[in-house]
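In the working numbering, the protein residues as written are 75 to 428.
Now the structure itself:
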């Protein structure tokens, strides 16, 4: 039942989903939803097509060329991005730039979580032809008559569902709030919550402030109102600063698609205590979490189902070899990324938490 529902989300339409007016929650209502919010849905890991990615309506094939019209809109964050309308009712967020690690990391990290059954928004690696783009953006693209072409870009599609916000305007969730989830209230067991923490460590998800996570209702209509949501769900939203090393200032050159840093950063801070290794960032709410044996085994089982072909697809579709850093390093080949992934996986499967 859970598997069927989870996979059915891939057929739901993301474009144009509107939040109903009764979506805002009181603090008490939000706390009640978090107590029973899920974090994982079963998937057939070995059968997941990482290269194609989530086949949502509005999905894009790897390397597809997307033509759209520039929309003036301000986004938070410092990395290059802009809004663009593919059709009148389909406005998308475009991340771009050959030196922008989020374009690469976001694709790989979201597809890994999607494959394993953890919630994630979809990010599709594409080429973008932007009509009416400001000349200032052309430093990262090729100018053509009336348009700018971005060779390295990614378009985001959100996981179907209504974002749940408090009446004060707050949204997202802090990692400390996972401890409020209660299995007796209908929430997931500790092993699933700890597995989510451990995959964040595996990825070195450094910028883990509340805004980078989403609390949603998997029923986007909110038929019973926000407080009556039947399927609250907690997922990681922004995974652009991953596959590097977590760091205090969330520096992209350190924390986003840097193989040297990712490969040499161990999974465990203290193996005997099963304290995982994730350095505190100035924005983060998760650092060096202690993982239960159930959580370790849960994630180890999921990771062990990934084939070498899937791992190759993961880094190829995300275009990791094209990632360059301002220091003049980068361009690490796919086999090197696969080897680093497998070593980290072995570090999880080969440990026993006491």
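Idealized CB from N, CA, C, for every residue including glycine.
| Asked | Found |
| --- | --- |
| Straight-line gap, residue 248 to residue 267 (C-alpha atoms, nearest Å) | 13 Å |
| Which of helix, strand or coil DSSP assigns to residue 209 | helix |
| Distance cut-off 6 Å: residue 144 Cβ against heavy atoms of the ligand SAM | In terms of ligand content, the structure shown is empty, and the ligand SAM therefore cannot be addressed. |
| Continuous beta strand (DSSP E) stretch holding residue 161: start and end | 155 to 161 |
| Rounded separation between residue 387 and residue 328 - CA only | 24 Å |
| Cα-Cα separation between residue 306 and residue 220, rounded to whole angstroms | 45 Å |
| Rounded separation between residue 377 and residue 190 - CA only | 7 Å |
| Backbone secondary structure at residue 146 - three-state DSSP | coil |
| Whether residue 330 touches residue 309 by CB criterion (7 Å) | no |
| Straight-line Cα distance separating residue 230 from residue 264 | 30 Å |
| Residue environment, residue 152, which counts as buried when at least 16 other CB atoms sit within 10 Å | exposed |
| C-alpha distance - residue 167 paired with residue 372, whole-angstrom precision | 34 Å |
| Sequence-distant residues of its chain with Cβ nearer than 8 Å to residue 322 (five each side left out) | 353, 354, 355, 356 |
| Beta-carbon spacing of residue 212, residue 177 below 7 Å | no |
| Residue interval of the alpha helix (DSSP H) (run including residue 230) | Careful: residue 230 lies outside any alpha helix (DSSP H), inside the beta strand (DSSP E) at 221 to 231. |
| Burial state of residue 95 (16 or more Cβ within 10 Å) | For residue 95, the pLDDT reaches just 47, beneath the cut-off of 50, and the residue's location in the model is therefore unreliable, leaving the point undetermined. |
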